[in-house]
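Chemist: First the structure, then my questions, so here it is.
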């Protein structure tokens, strides 16, 4: 597939916002965090989610009709995401406002926001995992990775914010971020191993229904490009794919882990750790899209 | 329940692309809006088509077959592109099973094209909506047309009659009989999309010719024995034993 930058930004930004919010709500429930810190966290959450939502509109051909996307929630995970994201953002907004203004009901908004957060993780991942013939995506790893990577970047961000505003929270957050980043690295590595071993269920033989071991495409039916040759091919050489994979393994996992560990002595490394991890996750998401091979590509093996 | 569909005979298709051009002509002129082209006369032309004819070479030289493979939406009985649509723009008509896109509801998110394993949907870069084969729904349901013209443009255009059109749920229809008796098959059966369109496989055409088939044993012009190349004049030929 051709990676769509709107979707890459959407999924990584809201993932970090969701991870951050879950950690903030957890800290609030345990009575560890100051209200001032929670308000700051809530605002950061909102900004990230709003940026993600903004990016998602660039994916649409008709953004002015985006409201229609909420209608088919009975069957479409995308439609469910379209509902869950505003519910999440609305809950975070109300939660932050309640804390800032001293209104009652912050706990209710925290609970609703956390619930929407979990549902949103599920929806975002299932958009990809439910496409069964995109075999690289159709796996429980997709869901686990979206949750773990979102929570890991959110925890790193929480640690960075804590270093700036409530230093005593930074060490536990760093510990959580390290745990989640390690878990994410393990889960993502396992999914890489699974995808490397995949055997495509569709072949040129099943695609055109001719049972012969030797079939070569002579012509795709047109000389120029088409939607089919643009949307489903990333167009990068294998070397770029290897570079992207190694790059995200270093930037999203190895380097942030090192920076998180060093932050015990140098807390000001935490914002750097978040930025590095976020860049790594952008690369991870790019690779996630590029690596999946669509069965329609069987019909476009030769452009002539 | 009616399920309109195409049956495409790969044994007959000669790869002339008449179905492609007639499809483009009919559907770009229709009430549903144009199928736009981008830089049609430029260096890198691109455009929206509902139907493509691809060519494959099967086998290794010298034992090869050239297979022309027309490819359009298969109007699946269980279309994976429909439930994923967040707006309901993508739908399957209950009355005749045609899978359509409501261009006024489509937000252009392209998710349905990801969900189609066949690559049957093409995003129109100019109109910013997803488009696909309509099975010429505006032709096949048009009561003002004579009945034998109520067929998709591609079917009417095919000079080799490689494309059959009809109701695959009616066991006695031309298409059902062709599927049943000529080994009609569906594409990518592994995903259980149950395509309505079927393809008829290549067949090896064999013909047995006996010597007397070439000379017409009972040719009255040779009855006078003036044609010496026919030694057994009047003797029984293969046709005399036919029954």
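Residue numbers (the numbering used here), protein chains in the order written: chain A, 35 to 338; chain B, 59 to 301.
Cβ atoms here follow ideal geometry from the backbone N, Cα and C, with glycine treated the same way.
1. Expressed to the nearest angstrom, what Euclidean distance is found between the alpha-carbon atoms of residue 49 of chain A and residue 82 of chain A?
2. Taking DSSP as the reference, what is the three-state secondary structure of residue 129 of chain B?
3. Can you tell me whether DSSP reads residue 38 of chain B as helix, strand or coil?
4. Does any residue of chain A have a CB that is nearer than 9 Å to the CB of residue 267 of chain B?
5. Do three or more CB pairs link the region 233–249 of chain A to the region 237–247 of chain B at distances below 8 Å?
6. Tell me which residues share the same chain as residue 243 of chain B and place their Cβ nearer than 7 Å to its Cβ, disregarding the 5 neighbours each side in the sequence.
7. By the three-class DSSP mapping on this structure, what secondary structure does residue 131 of chain A have?
8. Where does residue 62 of chain A fall in DSSP's three states?
9. Determine, using beta carbons only, whether residue 352 of chain A comes closer than 9 Å to chain B.
10. Among the residues of its own chain, which have a CB less than 8 Å from the CB of residue 93 of chain B, if the five just before and after it don't count?
11. Output needed in chain order: residues of the region 163–182 of chain B with a Cβ under 9 Å from some Cβ in chain A.
12. List the residues of chain B whose Cβ lies closer than 8 Å to the Cβ of residue 262 of chain A, in chain order.
13. Applying a beta-carbon distance threshold of less than 9 Å, which residues of chain B neighbour residue 95 of chain A?
14. Could you have a look at residue 45 of chain A and say whether DSSP puts it in helix, strand or coil?
15. Which value, in whole angstroms, describes the spacing of the CA atoms of residue 181 of chain A and residue 115 of chain A?
16. What distance in whole Å lies between the Cβ atoms of residue 145 of chain B and residue 102 of chain A, which are believed to be in contact at a cut-off of 8 Å?
17. Below 7 Å on C-beta distance, what does residue 146 of chain B contact in chain A?
18. Mind checking which residues open and close the beta strand (DSSP E) that includes residue 180 of chain B?
19. Beta carbon of residue 111 of chain A, beta carbon of residue 161 of chain A: below 9 Å?
20. Would you say residue 113 of chain A reaches chain B, if we count a Cβ-Cβ gap shorter than 9 Å as a contact?
21. Is the beta carbon of residue 63 of chain B closer than 9 Å to that of residue 177 of chain B?
22. Measure from the C-beta of residue 86 of chain A to each C-beta in chain B and report whether the shortest distance is under 9 Å.
23. Residue 107 of chain B lies in the beta strand (DSSP E); which residues open and close that run?
24. Please go through the same chain and pick out, in chain order, the residues whose beta-carbon is closer than 8 Å to the beta-carbon of residue 47 of chain A, but skip the five residues on each side of it.
25. Extract the residue ranges of the alpha helix (DSSP H) inside the region 232–257 of chain A, only unbroken runs of 4 or more that lie entirely within it.
26. Do three or more CB pairs link the region 271–282 of chain A to the region 148–161 of chain B at distances below 8 Å?
27. Tell me which same chain residues have a C-beta within less than 6 Å of the C-beta of residue 70 of chain B, skipping the five on either side of it?
28. From the beta carbon of residue 124 of chain B, is the nearest beta carbon of chain A less than 9 Å away?
29. Residues of chain A with a CB under 7 Å from the CB of residue 254 of chain B: which are they?
30. Just to confirm, is the Cβ distance from residue 319 of chain A to residue 45 of chain A under 9 Å?
31. What whole-angstrom Cβ distance do residue 113 of chain B and residue 252 of chain A have, given they're in contact under 8 Å?
32. Within the chosen definition, does the region 206–221 of chain A reach the region 190–198 of chain A through at least 3 CB pairs nearer than 8 Å?
33. Of all the alpha helix (DSSP H) runs that stay within the bounds of the region 82–108 of chain A, which reach a length of 4 or more residues?
Modeler: Straight from the coordinates:
1. Straight-line measurement puts the Cα of residue 82 of chain A at about 9 Å from the Cα of residue 49 of chain A.
2. In the structure shown, residue 129 of chain B sits in a strand (DSSP, three-state: E or B).
3. Absent from the model: residue 38 of chain B. The displayed extent of chain B is 59 to 301, so no value can be given.
4. No, because no Cβ of chain A sits closer than 9 Å to the Cβ of residue 267 of chain B.
5. The region 233–249 of chain A makes contact with the region 237–247 of chain B: 3 or more CB pairs, one atom from each, lie closer than 8 Å.
6. Around residue 243 of chain B: 256, 257 and 259.
7. DSSP places residue 131 of chain A within a helical segment (H, G or I) once states are collapsed to three.
8. The DSSP-derived three-state label of residue 62 of chain A is helix.
9. Given that chain A is displayed from residue 35 to residue 338, the structure contains no residue 352 of chain A and the question cannot be resolved.
10. These residues qualify, in order along the chain: 82, 85, 86, 105, 106, 107, 108, 182 and 189.
11. Per Cβ criterion, the list reads 163, 164, 165, 166, 167, 168, 169, 171, 172, 173, 174, 175, 176, 177, 178, 179, 180, 181 and 182.
12. Ordered by position in chain B, the residues that pass the 8 Å Cβ test against residue 262 of chain A are 177 and 180.
13. Within chain B, the residues near residue 95 of chain A are 164, 165, 166, 167, 168, 181, 182, 183, 185, 186, 187 and 188.
14. Of the three classes helix, strand and coil, the one that applies to residue 45 of chain A here is helix, per DSSP.
15. Roughly 14 Å separates the two Cα atoms.
16. With a contact defined as Cβ atoms closer than 8 Å, residue 102 of chain A and residue 145 of chain B qualify at about 4 Å.
17. Neighbourhood of residue 146 of chain B in chain A, by CB distance below 7 Å: 105 and 106, in chain order.
18. Per DSSP, residue 180 of chain B belongs to the beta strand (DSSP E) from 180–182.
19. Contact flag set, yes.
20. Interface flag for residue 113 of chain A against chain B is set, since a Cβ pair is found closer than 9 Å.
21. Not a contact, by the Cβ cut-off of 9 Å.
22. Not closer than 9 Å to any Cβ of chain B, the Cβ of residue 86 of chain A fails to qualify, so no.
23. Per DSSP, residue 107 of chain B lies in no beta strand (DSSP E) segment and is marked neither H nor E.
24. These residues qualify, in order along the chain: 82, 83, 85, 86 and 89.
25. Taking only runs of at least 4 residues, the alpha helix (DSSP H) segments lying wholly in the region 232–257 of chain A are 238–242.
26. Segments in contact, no.
27. 218 and 220, listed in sequence order.
28. Judged by the 9 Å Cβ criterion, residue 124 of chain B is in contact with chain A.
29. Result: empty, since nearest Cβ-Cβ is about 15 Å, beyond 7 Å.
30. A contact, by the Cβ cut-off of 9 Å.
31. About 4 Å; that satisfies the 8 Å criterion.
32. Yes, the region 206–221 of chain A is in contact with the region 190–198 of chain A.
33. Taking 4 residues as the minimum length, the region 82–108 of chain A contains no alpha helix (DSSP H) run wholly inside it.
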